[in-house]
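Take any residue in the sequence shown, count from 1 to its spot, add 19: that is its number in the working numbering.
In this text, a Cβ means the ideal position worked out from N, Cα and C, and glycines have one as well.
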Amino acid sequence: MATMNFGGMDETVVTRDEFPLAKALEVLKNETVAILGYGVQGPGQGLNMRDNGVNVIVGQRDGSKSWQKAIDDGWVPGKTLFSLEEAAQKATIIIYLLSDAGQKMYWDTLKPYLTAGKTLCFAHGFAITYKDQTNVIPPKDIDVVLVAPKGSGLSVRRNFQAGSGINSSFAVFQDATGKARDKVLAIGVTVGSGFLFPTTFEKEVYSDLTGERGILMGALAGVMEAQYNELRQQGSTPSEAFNETVEELTQSLIRLVGENGMDWMYANCSTTAQRGALDWKDKFRDATAPVFADLYESVKNGTEARITLEANSKPDYREKLQVELDAIKNSEMWQAGSQVRKLRPENWKKE
Ligand SMILES: NC(=O)c1ccc[n+]([C@@H]2O[C@H](COP(=O)([O-])OP(=O)(O)OC[C@H]3O[C@@H](n4cnc5c(N)ncnc54)[C@H](OP(=O)(O)O)[C@@H]3O)[C@@H](O)[C@H]2O)c1
20 MATMNFGGMD ETVVTRDEFP LAKALEVLKN ETVAILGYGV QGPGQGLNMR DNGVNVIVGQ
80 RDGSKSWQKA IDDGWVPGKT LFSLEEAAQK ATIIIYLLSD AGQKMYWDTL KPYLTAGKTL
140 CFAHGFAITY KDQTNVIPPK DIDVVLVAPK GSGLSVRRNF QAGSGINSSF AVFQDATGKA
200 RDKVLAIGVT VGSGFLFPTT FEKEVYSDLT GERGILMGAL AGVMEAQYNE LRQQGSTPSE
260 AFNETVEELT QSLIRLVGEN GMDWMYANCS TTAQRGALDW KDKFRDATAP VFADLYESVK
320 NGTEARITLE ANSKPDYREK LQVELDAIKN SEMWQAGSQV RKLRPENWKK E
């Protein structure tokens with residue numbers, strides 16, 4: 020492991036230098052890897068592994084759009100595409116990529132296929148950490164590991180195709196064979212991770228649920244809405260309010276922040292923006308800090324897991340979700356956004 024200094028603190032990460040693809044393929048050469056579930060992560064991880072030369076098959080329940088998507092991606096029924104049970108039976112390494120609610124519902128069916136010496140790999144610490152709610156308690160004689168890509172399954176695939184990667188965290192929960200660490204790193208490398216950093220199942224799920232409910236999606240959408248509404252109430256048109264709230268962020272600032280950091284952004288904007296941003300940063304931090312504290316507590320005490328499992332286990336959950344998603348889609352701000360995006364020069368030809 021390479022030791023790197025992150026802001027004054029030493030941390031260890033695994034890079035391609037110490038765990039190259041050739042080593043990963045050597046570790047996996049006698050393994051059959053089954054990707055169970057072909058939703059968002061399944062295609063990204065499965066296709067990357069296949070392109071990297073791993074012996075990989077897909078398990079997916081028949082009759083749904085995901086089954087057809089797997090066929091469209093070149094998986095062949097009876098050869099590389101099977102029912103969940105058949106794939107689990109054939110596999111020596113199972114990457115469990117059903118939705119988190121699906122993992123709970125399918126667990127009792129999967130258990131008989133988890134025979135001694137096999138490896139069960141998760142992409143999220145959810146099922147194991149909230150075992151009191153999910154009942155996911157693996158048998159003691161298998162390896163249980165985690166590779167959690169820090170991005171959407173779409174980016175897992177897109178970045179791989181573009182020749183870059185996505186960072187993933189990894190963890191070993193149970194090492195029955197003594198080889199769990201090598202296996203988890205080999206999985207991490209072959210699914211297309213750039214570098215891998217160590218975590219535990221618990222830390223992964225706590226930070227991940229906080230992040231997506233917080234700054235990555237919940238907080239971001241919330242503060243965008245608050246600013247947009249204020250500008251509209253004060254007389255800005257929808258396009259002006261949208262441009263000042265979202266478009267300038269996504270088309271300019273956040274790209275520069277990605278390249279150079281927010282510290283650089285502060286040092287390289289107008290002095291007017293700089294003065295104001297310096298003055299207002301701490302107010303926003305202090306106003307939102309209690310919300311983040313509530314959020315973390317709700318993650319840690321299992322409330323978020325309970326809400327997620329209850330909502331996503333209902334037979335009509337997709338329809339119910341659609342109503343909520345449509346409300347965001349049809350809101351004035353995101354309708355304005357749809358119009359603004361059409362006006363981007365790169366979209367002119369599509370008009
Ligand atoms: N989304 C991401 O980019 C992302 C990022 C990092 C980690 N993860 C983790 O990766 C794992 C997979 O997430 P995902 O977003 O890819 O999930 P998803 O898109 O919601 O995947 C759904 C898959 O689960 C299957 N499924 C759901 N309920 C089922 C049930 N009761 N029985 C059998 N199959 C069932 C679906 O089959 P049907 O299509 O037939 O319903 C589909 O194959 C999760 O642990 C998640 O936390 C996801």
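Quick check on the DSSP output: the beta strand (DSSP E) that includes residue i runs from which residue to which?
{"i": "leucine 268", "result": "First-last for leucine 268: undefined, no H or E at that position."}
{"i": "threonine 31", "result": "28-32"}
{"i": "leucine 215", "result": "212-217"}
Closest by CA to residue i, which one among the options?
{"i": "alanine 243", "options": "Val224, Thr256, Leu268", "result": "Correcting the residue identity first, residue 243 is methionine in this sequence and not alanine. When only C-alpha atoms are compared, the closest one is Leu268."}
{"i": "threonine 196", "options": "Phe216, Ile161, Pro309", "result": "Ile161"}
{"i": "serine 317", "options": "Gln246, Lys130, Gly56, Gly230", "result": "Gly230"}
{"i": "leucine 40", "options": "Val166, Val155, Gly72, Arg232", "result": "Gly72"}
{"i": "threonine 209", "options": "Thr22, Ala43, Gly82", "result": "Ala43"}
{"i": "valine 163", "options": "Glu323, Thr219, Gly237", "result": "Thr219"}
{"i": "isoleucine 114", "options": "Trp86, Gly58, Ser83", "result": "Gly58"}
{"i": "leucine 235", "options": "Cys140, Pro96, Lys169", "result": "Lys169"}
{"i": "proline 131", "options": "Gln108, Thr138, Thr148, Asp282", "result": "Gln108"}
{"i": "phenylalanine 141", "options": "Gln293, Met284, Phe189", "result": "Phe189"}
{"i": "asparagine 67", "options": "Gly207, Arg304, Ser83, Pro364", "result": "Gly207"}
{"i": "alanine 135", "options": "Lys159, Thr148, Ala346, Tyr315", "result": "Lys159"}
{"i": "arginine 325", "options": "Arg69, Thr148, Met284", "result": "Thr148"}
Does residue i pass the burial test, meaning 16 or more other C-beta atoms within 10 Å, or should it be called exposed?
{"i": "glutamine 79", "result": "buried"}
{"i": "isoleucine 112", "result": "buried"}
{"i": "glutamate 370", "result": "Summary for glutamate 370: the model assigns pLDDT 47, below 50, so the residue's position carries little reliability; its value from the coordinates is reported in the next sentence. Exposed is the call here."}
{"i": "aspartate 227", "result": "buried"}
{"i": "asparagine 25", "result": "Checking the sequence shown, residue 25 turns out to be phenylalanine, not asparagine. Exposed is the call here."}
{"i": "glycine 61", "result": "buried"}
{"i": "alanine 106", "result": "buried"}
{"i": "lysine 339", "result": "exposed"}
{"i": "lysine 137", "result": "buried"}
{"i": "glutamine 270", "result": "exposed"}
{"i": "glutamine 252", "result": "exposed"}
Counting only the same chain and skipping the five closest in sequence on each side, list residues whose C-beta sits under 6 angstroms from that of residue i.
{"i": "leucine 173", "result": "none"}
{"i": "tryptophan 200", "result": "Sequence check: residue 200 is arginine here, not tryptophan. For arginine 200, where only same-chain residues beyond five positions count, the Cβ hits under 6 angstroms are Val191."}
{"i": "threonine 153", "result": "Lys123, Ala146"}
{"i": "asparagine 178", "result": "Gly184, Ile185"}
{"i": "alanine 110", "result": "Thr51, Ala53"}
{"i": "leucine 100", "result": "Val77, Ala89, Trp94"}
{"i": "leucine 297", "result": "none"}
{"i": "aspartate 29", "result": "Thr22"}
{"i": "alanine 120", "result": "Leu328, Asn331, Ser332"}
{"i": "tyrosine 247", "result": "Ala260, Thr264, Met352"}
Tell me where the alpha helix (DSSP H) around residue i begins and ends.
{"i": "asparagine 24", "result": "No alpha helix (DSSP H) contains asparagine 24, which is instead part of the beta strand (DSSP E) from 21-25."}
{"i": "phenylalanine 220", "result": "220-232"}
{"i": "phenylalanine 261", "result": "257-261"}
{"i": "glutamate 249", "result": "237-252"}
{"i": "serine 85", "result": "84-91"}
{"i": "lysine 198", "result": "Looking at the DSSP string, lysine 198 is not in any alpha helix (DSSP H), and its letter there is neither H nor E."}
{"i": "lysine 109", "result": "103-109"}
{"i": "threonine 282", "result": "Correcting the residue type first, residue 282 is aspartate in the shown sequence and not threonine. It spans 281-286 - the alpha helix (DSSP H) in which aspartate 282 sits, taken as one unbroken run."}
Between residue i and the rest of its own chain, which residues show a CB-CB distance below 7 angstroms, the 5 nearest in sequence each way excluded?
{"i": "lysine 213", "result": "As written in the sequence, residue 213 is glycine, which differs from the lysine given in the question. Once the five neighbours on either side are set aside, the close Cβ partners of glycine 213 are Ser183, Gly184, Ile185, Asn186."}
{"i": "valine 359", "result": "Ser258, Phe261, Asn262, Glu266"}
{"i": "valine 46", "result": "Asp201, Lys202, Ala205"}
{"i": "alanine 330", "result": "Tyr336"}
{"i": "glutamate 351", "result": "Pro257"}
{"i": "valine 32", "result": "Met20, Ala21, Met23, Phe214, Leu215, Phe216"}
Can you name, in chain order, every residue of its own chain whose Cβ lies under 8 angstroms from the Cβ of residue i, other than the five neighbours on each side?
{"i": "lysine 150", "result": "Ile156"}
{"i": "lysine 319", "result": "Tyr225"}
{"i": "histidine 143", "result": "Asp119, Leu165, Ala167, Glu223, Val224, Asp227"}
Regarding residue i and ligand 3, is the C-beta to nearest heavy atom distance less than 7 angstroms?
{"i": "alanine 120", "result": "For the structure depicted, ligand 3 is absent and the ligand set comprises only ligand 1."}
**Prompt:** What residue ranges within the segment 291-361 form continuous alpha helix (DSSP H) runs of no fewer than 4 residues, ordered along the chain?
**Reply:** For the segment 291-361, whole alpha helix (DSSP H) runs of length 4 or above, ordered along the chain, are 322-332, 336-348, 351-361.
**Request:** For the segment 111-185, list the beta strand (DSSP E) runs that are entirely contained and at least 3 residues long, ordered along the chain.
**Result:** Qualifying beta strand (DSSP E) stretches, in chain order: 112-115, 138-141, 162-168.
**Message:** Give the list of continuous alpha helix (DSSP H) stretches no shorter than 4 residues that lie fully inside the segment 43-78.
**Reply:** For the segment 43-78, whole alpha helix (DSSP H) runs of length 4 or above, ordered along the chain, are 60-70.
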